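Chemist: Numbering (this note's numbering), first residue to last: 158 to 344. Backbone N, C-alpha and C fix where the C-beta goes; we use that ideal spot for every residue, glycine too. Given the structure is predicted, the values throughout are model-derived calculations rather than measurements.
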Amino acid sequence: MTKSTLLAFAIKEFREIVPPTVFFAVGFNLIVLTTDLILADYLASFGNFIVVTMAALVVGKAVLVANALPFLRRFDTAPLIRPVLFKTIVYWAVVFLVRFLEKLVEYFCAGGTLGGISEYVAIHFSWHRFAAIQIWIFVLFLIYTAVAELNARLGAGELLKIFFTKRSPESKATIWAKTSRSHDRSD
Numbered sequence: 158m159t160k161s162t163l164l165a166f167a168i169k170e171f172r173e174i175v176p177p178t179v180f181f182a183v184g185f186n187l188i189v190l191t192t193d194l195i196l197a198d199y200l201a202s203f204g205n206f207i208v209v210t211m212a213a214l215v216v217g218k219a220v221l222v223a224n225a226l227p228f229l230r231r232f233d234t235a236p237l238i239r240p241v242l243f244k245t246i247v248y249w250a251v252v253f254l255v256r257f258l259e260k261l262v263e264y265f266c267a268g269g270t271l272g273g274i275s276e277y278v279a280i281h282f283s284w285h286r287f288a289a290i291q292i293w294i295f296v297l298f299l300i301y302t303a304v305a306e307l308n309a310r311l312g313a314g315e316l317l318k319i320f321f322t323k324r325s326p327e328s329k330a331t332i333w334a335k336t337s338r339s340h341d342r343s344d
């Protein structure tokens with residue numbers, strides 16, 4: 158592999174990992190912030206912003222891994238709800254597996270054995286916390302995937318233009334009429 162090919166690959170991977178990582182870093186940090194605000198009345202603190210930002214990197218990498226799965230594009234031509242739900246479930250499952258395996262690796266690094274896995278999971282594993290985090294991951298993936306799929310359907314970068322460029326002085330009714338006429342002609 159040449160230097161330029163390796164550099165192009167690294168840049169491509171970086172561009173793919175940045176959007177989900179930033180999205181989940183913001184989402185996770187908002188969850189931690191609001192949880193800390195709620196628990197402040199009870200003089201308790203929940204989390205660490207650095208830890209959840211690192212977790213966003215894990216989720217971003219899980220998105221890259223899931224995107225490499227050949228069956229992920231199965232519903233790309235279906236109505237938008239299908240690829241959104243399908244990809245959300247696949248992404249969620251990949252993150253579930255990564256998070257669970259991460260806990261098992263921690264267990265083995267602490268001297269755990271294969272025979273002790275069931276006892277460790279039953280006694281030391283916080284299923285309530287794990288489930289709460291997985292629920293939020295699902296909700297955030299649903300939002301992320303919906304926006305990513307909408308952006309893909311509109312054309313790469315069009316969603317950014319819609320959100321961040323100034324509208325023309327045409328009224329909404331004029332734009333709607335033009336859009337309706339163009340759709341009528343294409344039918």
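#1: Closer than 6 Å by C-beta to residue 210: which residues in its own chain qualify, once you throw out the five before and the five after it? Chain order, please.
#2: So, is residue 163 buried or exposed, given that buried needs 16 or more other C-beta atoms within 10 angstroms?
#3: Under 8 Å: do the segment 294–312 and the segment 245–263 share three or more Cβ pairs, one atom per stretch?
#4: Once the 5 residues before and after residue 184 are set aside, which same chain residues still bring their CB inside 6 Å of it?
#5: Using the Cα positions of residue 178 and residue 212, report the straight-line distance between them to the nearest angstrom.
#6: Do you know how far the Cα of residue 325 is from the Cα of residue 251?
#7: Pair every Cβ in the segment 225–234 with every Cβ in the segment 268–281, then say whether three or more of these pairs are closer than 8 Å.
#8: Let me know the secondary structure DSSP gives residue 177 once reduced to three states.
#9: Note down the Cα distance separating residue 272 from residue 322, rounded to an integer number of angstroms.
#10: By DSSP, does residue 265 sit in helix, in strand, or in coil?
#11: Would you mind stating whether residue 220 and residue 173 have Cβ atoms separated by less than 9 Å?
Modeler: By the coordinates alone:
#1: The answer, listed in chain order, is 182.
#2: Residue 163 counts as exposed, since fewer than 16 other beta carbons sit within 10 angstroms of its beta carbon.
#3: Counting Cβ pairs under 8 Å, three or more are found: they touch.
#4: Closer than 6 Å at Cβ, skipping near neighbours: 297.
#5: Each residue's alpha carbon lies about 9 Å from the other.
#6: Whole-angstrom Cα-Cα distance: 43 Å.
#7: Output reads no: the segment 268–281 does not touch the segment 225–234.
#8: Note: residue 177 maps to helix in three-state DSSP.
#9: Pairing residue 272 with residue 322, the inter-Cα distance amounts to about 59 Å.
#10: In the structure shown, residue 265 falls within a helical segment according to DSSP collapsed to helix, strand and coil.
#11: Closer than 9 Å, so yes.
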